[in-house]
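Enquirer: Numbering (this note's numbering), first residue to last: 12 to 149. Cβ atoms here follow ideal geometry from the backbone N, Cα and C, with glycine treated the same way. Treat the numbers as computed from the prediction; the structure is a model and nothing was measured.
1. Anyone know if the C-beta pair for residue 39 and residue 63 falls short of 8 Å?
2. How close, in whole Å, do the beta carbons of residue 68 and residue 96 come, if the pair is a contact with beta carbons under 8 Å?
3. Report all residues from its chain with a CB closer than 8 Å to the CB of residue 112; omit the five preceding and five following residues, and keep chain order.
4. Starting from residue 82, follow the alpha helix (DSSP H) in both directions and report where the run begins and ends.
5. Would you kindly report the start and end of the unbroken beta strand (DSSP E) that includes residue 86?
6. So what does DSSP say about residue 145, is it helix, strand or coil?
7. Just verifying my parser: in three-state terms, what is the DSSP assignment at residue 16?
8. What would DSSP say about residue 138, mapped onto helix, strand or coil?
9. Taking DSSP's pairing of strands, which residues face residue 30 in a bridge?
10. Helix, strand or coil for residue 35, going by three-state DSSP, please let me know.
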């Protein structure tokens, strides 16, 4: 398997570039999207995880996560935010939340590593089985 591929979504180009540089420095292959619409357009690409900012110009990160989850329910999604009071409805749409304070780059990397590793293990258990008729069964 190659480098884990992560989709980063943030409406702030500077913040997006910083997150991209951080993840690439740790060996992740990073694709970027500046808004929820662009992220959803890439949803079927083979990402191992998504990192999405909570507040973006066109939508909230939780709404973008909800749309991504409708296409890829198994995909780990990390929500980045400065906000301490995230509605519970938003929390249901993501796998984890990382607060943008203090040593958040290290906490983001640790959470991403944990979720990508868990996702890879779960996906390896879902190997298609070929039936007696030559069809792949899920």
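Expert: According to the structure shown:
1. Counting from 1 along the chain shown, the entry for residue 39 is found at position 28. Counting from 1 along the chain shown, the entry for residue 63 is found at position 52. No. Outside cutoff.
2. Here residue 68 is taken as the residue at index 57 of the chain shown, counted from 1. Here residue 96 is taken as the residue at index 85 of the chain shown, counted from 1. Contact doesn't hold; Cβ gap of about 21 Å is too wide.
3. By 1-based counting over the chain shown, the position of residue 112 is 101. In chain order, 93 place their CB closer than 8 Å to the CB of residue 112, counting only its own chain and leaving out the 5 sequence neighbours on each side.
4. Stepping through the chain shown from its first residue, residue 82 is reached at position 71. Counting along the chain, the unbroken alpha helix (DSSP H) around residue 82 starts and ends at 72-82.
5. Locating residue 86 in the chain shown gives position 75, where the first residue counts as 1. According to the DSSP assignment, residue 86 belongs to no beta strand (DSSP E), since it is labelled neither H nor E.
6. Residue numbering aside, residue 145 sits at position 134 when the chain shown is read from its first letter. Note that residue 145 has pLDDT 45, beneath the 50 cutoff, so the model's placement of it is unreliable and the number below is only indicative. Looking at residue 145 - three-state DSSP - the assignment turns out to be coil, as it is neither helix nor strand.
7. Within the chain shown, residue 16 is the residue found at index 5, counting from 1. Residue state, collapsed to three classes: strand.
8. Taking the first residue of the chain shown as position 1, residue 138 is located at position 127. With a pLDDT of only 47 at residue 138, under 50, the local geometry of the prediction cannot be trusted, and the value read off the model is given with reservation. Reduced to three states, the DSSP call for residue 138 is coil.
9. Mapped onto the chain shown, residue 30 falls at position 19. Answer by DSSP bridge pairing: none, since residue 30 is not bridged.
10. Numbered from 1 along the chain shown, position 24 holds the residue referred to as residue 35. Note: residue 35 maps to helix in three-state DSSP.
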